[in-house]
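What follows is a short report on a single structure.
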Amino acid sequence: MHIKTLLNFVTNFKGFIFQNTHLDRKKDKLFVTVVPRKSNKPVCSRCGKPGTTYDHLRQRNFLLPPIWNIAVVLLYIMRRVDCKTCGKVAVEQVPWSTGKSSVTKQFAAFLAFWARKLSWKETALSFKVSWDIVADAVTWVVQWGLVHRNLDNVTAIGVDEIQYHKGQNYLTLVYQIDKHCRRLLWIGKERKKETLHAFCDFMGEQRNKAIRFVCSDMWKAYIFVIADRLSDAVHILDRFHIVANLNKAVDEVRRSEVKKLKDDGKPAYLKNSRWLFLKKKKRIRGYARTRLRDLLTMNLRTVKAYLFKEDFDHLWTYKSPSWASTFIDQWTRDVMRHRSLPELKKFARTTREHKALILNYFHAKKEFSSGIVEGFNNKAKLTIRRSYGFRSDKLRKIALYHTLGNLPVPEVTHRFV
Ligand SMILES: [Zn+2]
């Protein structure tokens, strides 16, 4: 069988033919010369209409997916079109090209598929291309997906923030958390009012009206904009963020007590105890459990805070909003009595202040469990970590959409993966 037959089987470049092939044994590369058919008129890359050939440019290389670990390189002399519609001379548009990059659509889809399973660096090494080629491929596939995705029927969203650059910067991520579709919808810089306003502008008035549930944490800027722009929706302060805030408060108590013990010249009872107090009790086993049991017998502020935290967990077992409300009243009242726990009192005050929004979780029949946003948050953090060395914010966004966007992928004649 001829190599050209194989190429024609996996591609569909109407108006072009594979003229000849040449295997470079030293470079492990298969070069394939492509030429337009005689009748083929170049298509203007500006308006997509055919025109007459104006002149020819230098020969360009385009990479197809490798075959048997041999790189496949298309060689093509680009034409320029004298376009009557645009009234200008423009470069032609060819069916395999993704633009300025040397990666073909076929190879871009191939690399982007692997770049979701491997890091971009590993993908580049595995398929013997540069990191930039992988970045170009993923960028093209993501941009295609963003243009072709459907943003209708979004009825539930989760708003979350994520830190990067050692916590110096924030990104606001908005997820769709409907049962029928869960994905990353939008990314914005920082976590200001303007950030969430920009999301609402992006969605548009009509789509905003269709949103019935919004989950977020207690961040003031978010609460403000949600009340302002998404006022028809039920706003839920979600469990994941509330628990995270409570854990933070307990940890602040622990840290200040560690310092106090040290300053008073007392033994370091709380050394390396951070995770003991943050983990759920039932998940602690073995020696750690014995250690926790011993610590709990001591008269420490951290222990008090910890017991309050464990007690707060009961909240999530309630089905009725009114019982949950009574529980919150009782719990916050008990906390407020403890003068020695200012960090926890702060949490209790915020909880009281936003009680109505927390109760919305129960009004919504716990339909929007914290697991969805938490799962997205973990994946986003992992992507951010992997993209640590990225030189631009644009590529970091591309990586996030790529892993979490659940985007449609470009259709190609043959599925290479
Ligand atoms: Zn044109």
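With this note's numbering as the guide, the letters of the sequence shown map in order to residues 1458 to 1874. No residue lacks a Cβ here, since even glycine has one placed at the ideal position from N, Cα and C.
{"Asked": "Beta-carbon proximity of Asp1695 to Tyr1775, cut-off 8 Å", "Found": "no"}
{"Asked": "C-beta atoms of Arg1537 and Val1551 nearer than 8 Å", "Found": "no"}
{"Asked": "Proximity of Arg1711 and Arg1731 at Cβ, strictly below 8 Å", "Found": "yes"}
{"Asked": "Ala1655 Cβ short of 7 Å to ligand 1 heavy atom set", "Found": "no"}
{"Asked": "Residue range of the beta strand (DSSP E) that includes Leu1735", "Found": "First-last for Leu1735: Arg1731 to Leu1735, but that is the alpha helix (DSSP H), not the beta strand (DSSP E)."}
{"Asked": "Proximity test, Cys1540 beta-carbon vs ligand 1 heavy atom, cut-off 7 Å", "Found": "yes"}
{"Asked": "DSSP three-state assignment for Gly1615, whether helix, strand or coil", "Found": "strand"}
{"Asked": "Contact set for Ser1576: own chain, Cβ-Cβ below 7 Å, skip 5 residues either direction", "Found": "Arg1843"}
{"Asked": "Per-residue DSSP class, three states only, for His1605", "Found": "helix"}
{"Asked": "Ile1815: first and last residue of the uninterrupted alpha helix (DSSP H) it sits in", "Found": "Lys1812 to His1820"}
{"Asked": "Cα-Cα separation between Gln1663 and His1820, rounded to whole angstroms", "Found": "25 Å"}
{"Asked": "Cβ-based burial, Tyr1845 [other Cβ within 10 Å; buried from 16]", "Found": "exposed"}
{"Asked": "Cβ-heavy atom distance, Ala1565 to ligand 1, below 7 Å", "Found": "no"}
{"Asked": "Inter-residue CB distance, Leu1630 and Ala1837 (contact presumed, cutoff 8 Å)", "Found": "6 Å"}
{"Asked": "Tyr1845 in three-state terms, based on DSSP", "Found": "coil"}
{"Asked": "Val1866 and Tyr1632 closer than 8 Å at C-beta", "Found": "no"}
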